[in-house]
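Engineer:
Residue numbers (this note's numbering): 37 to 222.
#1: If contact is defined by three or more beta carbon pairs under 8 Å, each pair taking one atom from either stretch, is the segment 87-98 in contact with the segment 106-123?
#2: Output the distance between the C-alpha atoms of residue 162 and residue 168, rounded to the nearest integer angstrom.
#3: As a quick exercise: from 134, 78, 115 and 189, pick the residue whose alpha carbon is nearest that of residue 101.
#4: With burial defined as no fewer than 16 other Cβ atoms inside 10 Å of the residue's Cβ, what is the status of residue 58: buried or exposed?
#5: I'd like to know whether the C-beta atoms of residue 176 and residue 159 end up nearer to each other than 8 Å.
#6: Closest to residue 164 by CA distance: which of 154, 182 and 151 is it?
#7: Per DSSP, which one or two residues make a beta bridge with residue 161?
#8: Can you list, in chain order, the residues of its chain with a C-beta nearer than 8 Å to that of residue 51? Leave out the 5 residues immediately preceding and following it.
#9: Please state if the CB of residue 96 and the CB of residue 69 are separated by a distance shorter than 8 Å.
#10: Less than 8 Å separating the beta-carbons of residue 104 and residue 206?
#11: What are the residues that DSSP puts in a beta bridge with residue 97?
#12: In this structure, does DSSP put residue 39 in helix, strand or coil?
#13: Below 8 Å on the Cβ atoms is my guess for residue 119 versus residue 140; work out the distance and round it to an integer in Å.
#14: May I have the straight-line CA-CA distance separating residue 82 from residue 67, to the nearest angstrom?
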């Protein structure tokens, strides 16, 4: 095996399940150590990091353009449900999303857990380590944090700027990984 193998989708664990295959934009980066199963759609300029699991065996998981799903995050869909993560969202390391709708420009903090039927409107921040309980609806531009999560305050202009910079960074990183990531040892 050539140890300087350039990144390709040919050796990624992407699985059809029950007749449904993932649909991944050619403009997205999915790390070869991420696992993508079933009815998953991943948009352009997305960054799917190592260790991510997106399991859409019971319903669709839709990850829209410009979203980054960071290392070890888990997205799962229960029977009859779906996950929608809209444009330009940052999902932090080790976050867990179950049957949620995350609207554009949200930031889900490291290790946050969002349970069944949570809705985050646009520009929401979820604090690191928070647990957002079933059916919580978080209005646009709010910060929610804690166990259980509660709405704390409005997202600040500095936080919005941080999110915008983070989204752009991961869009660039997606392209950079596609061009220059090389396997050098196995």
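A virtual CB, placed ideally from N, CA and C, is assigned to each residue, including glycine.
Structural biologist: According to the structure shown:
#1: yes
#2: A direct Cα-Cα distance of roughly 8 Å separates residue 162 from residue 168.
#3: 78
#4: buried
#5: yes
#6: 182
#7: 143 and 179
#8: 58, 71, 72, 73 and 74
#9: no
#10: yes
#11: 76 and 119
#12: In this prediction, residue 39 scores a pLDDT of 40, lower than 50, which makes its location untrustworthy; the coordinate-derived value is nonetheless stated afterwards. DSSP places residue 39 in coil when its eight states are reduced to three.
#13: Contact doesn't hold; Cβ gap of about 15 Å is too wide.
#14: 11 Å
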